[in-house]
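The structure appears right after this line, and notes come after that.
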Amino acid sequence: MDITHLNPLRWRKSFLAVVLGGMVFIWFAFFDTYSIWTRIELNHRLEELQTKKKELQQETLILKDKIEDLETDPALLERIAREEYGMKKEGETVYKIKEVE
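No gaps in the numbering here: position 44 of the sequence shown is 44 in UniProt numbering, and each next residue is one more.
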């Protein structure tokens with residue numbers, strides 16, 4: 001039996017280069033701190049965060065508009081105080097009506 005094919009020192013240099021290149025590729029693709037897999041996951045997370053940021057910016061604009069409306073429209077402020085917090089003017093009587101199913 002010829003054992004020379006098991007000795008890495010007797011292999012061709014091109015074969016050794018391919019094996020070494022494959023090992024380096026596998027290392028950088030999966031095991032390195034900044035591996036290709038990690039970068040793909042981080043890019044996906046970045047896209048999710050950018051989408052969430054846009055949604056929150058739109059919500060912020062809506063809330064700013066509501067704040068501006070509350071600051072400039074006393075009738076709206078009074079309606080919200082009456083409907084949501086049950087407030088009343090002095091001398092008023094409030095009747096709560098329950099709906100019957």
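Each residue gets a CB set at the ideal place from its N, CA and C atoms; glycine is no exception.
Just so we're clear, the structure is a prediction, and the values are computed from it rather than from any experiment.
Keeping to the same chain, check which residues put their C-beta closer than 6 Å to that of residue i; ignore five residues upstream and five downstream.
i   : result
I36 : A29
For residue i, which residues in the same chain have their Cβ closer than 7 Å to its Cβ, ignoring the five residues on either side in sequence?
i   : result
L77 : L70
F25 : none
Can you list, in chain order, the residues of its chain with a C-beta nearer than 8 Å to that of residue i? Leave out the 5 residues immediately preceding and following it.
i   : result
G62 : For the sequence presented, residue 62 should be read as Ile rather than Gly. There are no such residues.
Task: Unbroken stretches of the alpha helix (DSSP H), 4 residues or longer, contained in the stretch 13-59 - done: 13-26
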